[in-house]
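In the working numbering, the protein residues as written are 324 to 635.
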């Protein structure tokens, strides 16, 4: 059956009269941008256009409740945004129907849903507006920051302090001595393959047998800035409530647990950002994606077999 024939069939099933049939069908074809495929077989359509056809069928007759299961899954970004606009026009803006939507896309949830429920193991674990879920289950704030690049004059000063007139490189044998000269002997232990930033120096040491002096000093500065920021956050909010989520080069992400106000977080960071050489930063609530993943991690795999099934 063609796209038009599908729409005519379901329009008839839903009670659309012959007099109104053509107008109703054309409205849905235009609404879902299916005019170019009106007379093509539905089975020959792409996955995205098949989903458009399914949504068009569901919208015929403006039913009071519409159930949509992953309506934009597999679509390219442009088609996905188009589909979201159609759904929003029908539900929130046009208020023609109430739409119950199931999806794994938290972006889709935030864009379309006025109420969100998260199911784990077949049970509804939470329900409410997006902001309510963030406030209730978000557990604190997420703090992202990037540090300034190490200034050339600071780097020159450190090179003179750590290396003097000696060789402009570090070997495994003098790693502790150079770390001590910098001012923190513990830095030597962080130059390891398992460290989130020290791994690059460890790789150079293993590959070449040495680390360039400039790279060593720049890394030491970045590591010191990170530790100063981490210590400041732990002092302000408690060591147990500050968690490092991500680190890479000059970027780091922290989670600050507990009931922390955005205004307090911004005020504290503004006071120390020049001292710790913070170039840019952002503070946000826990995302809906993170809340969903937190609930999903609690799901246990179903055991056993369904009723009526024998397993030998």
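Glycine is no exception: its CB is placed at the ideal position from the N, C-alpha and C atoms.
7 Å Cβ shell around residue i - same chain, five flanking residues per side excluded
i           : result
residue 344 : 331 and 334
residue 462 : 580 and 609
residue 605 : 467
residue 630 : Only weak support exists for where residue 630 lies, its pLDDT of 47 falling under 50; the value from the coordinates is given anyway. For residue 630, where only same-chain residues beyond five positions count, there are no Cβ hits under 7 Å.
residue 619 : 443
residue 390 : 423
residue 621 : 443
residue 530 : none
residue 555 : 595
residue 341 : none
residue 358 : 352
Cut-off 6 Å between Cβ atoms - residues of its own chain near residue i, not counting five sequence neighbours on either side
i           : result
residue 635 : Caution applies to residue 635, whose pLDDT of 43 falls short of 50 and renders its modelled position unreliable; the value that the coordinates give is listed next. Cβ within range, chain order: n/a, list empty.
residue 632 : Interpretation of residue 632 is limited by its pLDDT of 43, a score under 50 that renders its predicted location unreliable; the figure taken from the coordinates is listed afterwards. Nothing listed; no residue qualifies.
residue 486 : 536
residue 612 : 429
residue 447 : 440
residue 502 : 508, 510 and 511
residue 558 : none
residue 587 : none
residue 404 : none
residue 582 : none
Beta-carbon separation (whole angstroms), residue i vs residue j, contact threshold 8 Å
i           : j           : result
residue 575 : residue 468 : 6 Å
residue 602 : residue 471 : 5 Å
residue 614 : residue 456 : 6 Å
residue 351 : residue 325 : In fact, because the Cβ distance is near 14 Å, the residues do not count as touching under 8 Å.
residue 532 : residue 494 : 6 Å
residue 388 : residue 414 : Contact flag wrong, Cβ pair sits at about 11 Å.
residue 365 : residue 382 : With 8 Å as the limit, residue 365 and residue 382 do not qualify as a contact, their Cβ atoms being about 16 Å apart.
residue 499 : residue 520 : Incorrect: roughly 19 Å between the Cβ atoms, too far for contact.
residue 423 : residue 439 : Not quite, the Cβ-Cβ distance comes to about 11 Å (not below 8 Å), so this is no contact.
residue 566 : residue 578 : 5 Å
residue 507 : residue 547 : 7 Å
residue 406 : residue 378 : 7 Å
Sheet register partners of residue i (DSSP bridge)
i           : result
residue 391 : 424
residue 443 : 446
residue 325 : 364
CA nearest to the CA of residue i, picked from the options
i           : options               : result
residue 600 : 437, 587, 549 and 429 : 549
residue 465 : 514, 569 and 337      : 569
residue 356 : 387, 459, 522 and 408 : 408
residue 541 : 479, 531 and 527      : 479
residue 396 : 553, 432, 359 and 555 : 432
residue 637 : 507, 411, 444 and 371 : Limits of the chain in this structure are 324 at one end and 635 at the other, which puts residue 637 out of reach.
residue 560 : 374, 338, 591 and 530 : 591
residue 596 : 552, 411 and 583      : 552
residue 647 : 441, 502 and 386      : Because the chain in this structure spans residues 324 to 635, residue 647 falls outside the shown range and cannot be described.
residue 426 : 445, 394 and 346      : 394
residue 329 : 342, 373, 369 and 477 : 373
residue 589 : 338, 607 and 474      : 607
residue 339 : 369, 358, 359 and 380 : 380
residue 369 : 488, 402 and 572      : 402
residue 573 : 342, 517 and 473      : 473
residue 617 : 384, 460, 341 and 476 : 460
residue 528 : 555, 558 and 496      : 496
residue 539 : 571, 563, 342 and 513 : 513
residue 518 : 571, 418 and 412      : 571
Sequence-distant residues of the same chain with beta carbon closer than 8 Å to residue i, five excluded per side
i           : result
residue 491 : 482, 535, 536 and 537
residue 327 : 348, 352, 361 and 362
residue 515 : 521, 522 and 525
residue 484 : 504 and 505
residue 410 : 378, 391, 394, 422, 424 and 435
Proximity test, residue i beta-carbon vs the ligand GTP heavy atom, cut-off 6 Å
i           : result
residue 457 : Annotation note on the ligand GTP: not contained in the displayed structure, which lists no ligands.
Quick one: complete beta strand (DSSP E) runs, 3+ long, within the segment 548–634? 565–571, 574–579 and 601–608
Write down every uninterrupted run of the alpha helix (DSSP H) in the segment 450–536 whose length is 4 residues or greater and which is fully enclosed by it, in chain order. 453–460, 475–486, 498–505, 510–513 and 522–531
List in chain order: all unbroken beta strand (DSSP E) runs of 3+ residues lying wholly within the segment 348–400. 388–392
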